[in-house]
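Working notes, structure below.
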């Protein structure tokens, strides 16, 4: 998962071990952590300051826990630039986005522990104000939601509000969502990261407990963990709330805050030193400061255990945590979060009882800084026994009947919903990889791998049971079919689906751009000809229908690019949803009229051109309809 940074001490130790024994996750030997807090500061400071300067990060907070207390805590740079306020891990509140999902999973497990929720029971039995549509009568369970395998469609439209007054409650949002967007695959068939899934868990907690999610958190988590500043209610106006920024052309621009309809999926703001108690509890049998939030068995162990993996040889994920490895092979539990330019990550190393929390307020760099900090820390762990049963070598064997030639192709991870507004997000891209068969047992894969923000090319060898392993590192790829389509899962659990030429992001975007360009050019030509004929006072027949059709599509395109894309997550007002988005439908009606008139008068001037243009307009409008650009949707 992380880049390999070896210390001289570990190299010497490994050289002395001629045959190191293999241990399982639960048997991973404890390491000796050789850094004092002051030495850790000396090791981290140059790295953090250099990366912040290079990546244009205004401020960062770093907290490391060890055992039952904070081992290291330090702020770097600024929490706000106007007014200038230093980043203080003991006092600055920071929105942590999707790290909230881990807290929500913990709260849900508290209800499982008391018997008020069941991991394997149909969640509809707990929902009072709405019901989820099942996929072919297959119920969705809490287990499915917590492992991102529920099969729910992506929720994008209207998930944010510009103010607290404009955002719907989670129950209202989910009631609308459940009616419009049914599940798209069987529960358990495929991992797909789901904001709506964990947002639904948050509302499930509310409907089961009879409390708001905020009050439940305060009573059962924030209170026992001594986190008085933690809140799901975005404290806008609090001088201790950090601001985030984007960097462009030598200056920083403030990113506005968002209010979200699904707070259980990403609404939490915390003070880093207080949030450290959450890490400590998960590393110390559910206890922090003498207060317990979960019993080790079965609740805490279930959260940390492998609950789902595309391939049993991969680390997979638990409840509220993804599972990975340090560069030395130690099991980690981690989660990342991004919201409004804030980027955060928590990493737990259970065998060492070490927790790491890093948060920054500049979103263009991803988790590069966070991962580098984890690498530095793992570099200073002396490991007498470090290899796990899952292994780190390239391995050998076959790949569950899949030949490399069968696996070759282009793979993409869709970020778009299948139903409703935003289906066209597929045009804007997502994670993608190109798989090439080098020979009968070797794959060359080009894509973005865990621990990197840039595309790389790596060689993979078969390791058996559908698994391929990086010939020069720990990365793994698992190939299997879902609903008849070949998919691949990497070590970071992201699922990519094999796509044809006509499904590729580049192809779809090119079709959309080319079609739109034809209407723009047609409109400009029509305007020029209209002006020229007006100046010449020509009486030559001229089709106003062509100009009207081209104008309607051009207006739709311009408004969509300047307004529709940016407003999708906030929801559309009626003038856009039923006005602007109906313009292509009006153009299609005019195209039918033009087609009929041209067919009737085939001998008239430009009849062939008019028929071709009308046919193209109808085809392009059907294309827009299929991708749910219009006021009425295909799906």
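Numbering (mature numbering (1 follows the signal peptide of the UniProt record, and there is no 0)), first residue to last: -25 to -1, 1 to 610. Cβ coordinates follow ideal geometry from the N, Cα and C atoms, glycine included. Keep in mind that this is a model prediction, so the values were computed, not measured.
I need the DSSP call for residue 319, collapsed to helix, strand or coil.
strand
Where residue 599 and residue 605 are concerned, what is the direct C-alpha to C-alpha distance, given to the nearest angstrom?
7 Å
For my contact list, residue 38 and residue 247 are in at a C-beta cut-off of 8 Å; report their separation, rounded to the angstrom.
5 Å
Could you give the residue range of the beta strand (DSSP E) that holds residue 420?
417 to 422
Would you tell me roughly how many angstroms separate the C-alpha atoms of residue 20 and residue 299, rounded to the nearest one?
26 Å
Beta-carbon proximity list for residue 432, same chain, < 8 Å, skipping 5 on both sides:
419, 420 and 421
Within 10 angstroms of its Cβ, does residue 112 collect 16 or more other Cβ (buried), or is it exposed?
exposed
Reducing DSSP to helix, strand and coil, say where residue 436 ends up.
strand
Simplified DSSP state of residue 539, which is helix, strand or coil:
helix
Backbone CA spacing between residue 208 and residue 138 [nearest angstrom]
11 Å
Are three or more beta carbon pairs between the region 102 to 109 and the region 340 to 353 nearer than 8 Å?
no
What are the boundary residues of the alpha helix (DSSP H) that residue 14 is part of?
12 to 30
In the DSSP assignment, the beta strand (DSSP E) including residue 283 goes from what residue to what residue?
Per DSSP, residue 283 belongs to no beta strand (DSSP E) and is neither H nor E.
Taking the CB atoms as reference points, tell me whether residue 46 and residue 23 lie closer together than 7 Å.
no
Let me make sure I understand the geometry here. Which of 603, 212, 408 and 124 has the alpha-carbon closest to that of residue 162?
124
Test item: CB-CB of residue 498 and residue 470 under 7 Å
no
Integer Cβ distance of residue 127 from residue 80, believed to fall under 8 Å:
About 16 Å separates the two Cβ atoms, so there is no contact after all.
At a Cβ threshold of 7 Å, is residue 555 touching chain B?
No chain B is part of this structure, which consists of one protein chain only.
Residue 217 vs residue 54 beta-carbon contact at 7 Å
yes
The region 331 to 342 contacting the region 312 to 321, beta-carbon criterion three pairs below 8 Å
yes
Could you spell out the range, first to last residue, of the beta strand (DSSP E) harbouring residue 45?
44 to 56
The alpha helix (DSSP H) enclosing residue 345, as first and last residue numbers:
343 to 354
Are residue 220 and residue 337 touching if we call contact CB-CB under 7 Å?
yes
Which of helix, strand or coil DSSP assigns to residue 448
coil
Beta strand (DSSP E) segment containing residue 414, residue limits:
407 to 414
Among residues of its own chain, excluding the 5 on either side of residue 244, which ones have a beta-carbon nearer than 6 Å to its beta-carbon?
68, 70 and 206
Label residue 266 either buried or exposed according to how many other C-beta atoms from any shown protein chain fall within 10 Å of its C-beta, with 16 as the threshold for buried.
exposed
Taking only the alpha-carbon atoms, compute the straight-line gap between residue 95 and residue 17 and give it to the nearest angstrom.
49 Å
Of all the options 257, 536, 397 and 281, which has the alpha carbon lying nearest to the alpha carbon of residue 330?
257
So for residue 115, helix, strand or coil by DSSP?
coil
Could you pull out every unbroken alpha helix (DSSP H) segment of at least 4 residues lying fully inside the region 177 to 247, listed in chain order?
188 to 192 and 238 to 241
As assigned by DSSP and simplified to three states, the class of residue 148:
helix
With a 10 Å radius around its C-beta and 16 neighbouring C-beta atoms as the bar for buried, classify residue 28 as buried or exposed.
exposed
Give the DSSP-derived three-state secondary structure of residue 324 in the structure shown.
strand
Cβ neighbours of residue 275 in the same chain (closer than 6 Å, five flanking residues each side left out):
261 and 269
Please report the residue range of the alpha helix (DSSP H) in which residue 77 lies.
75 to 88
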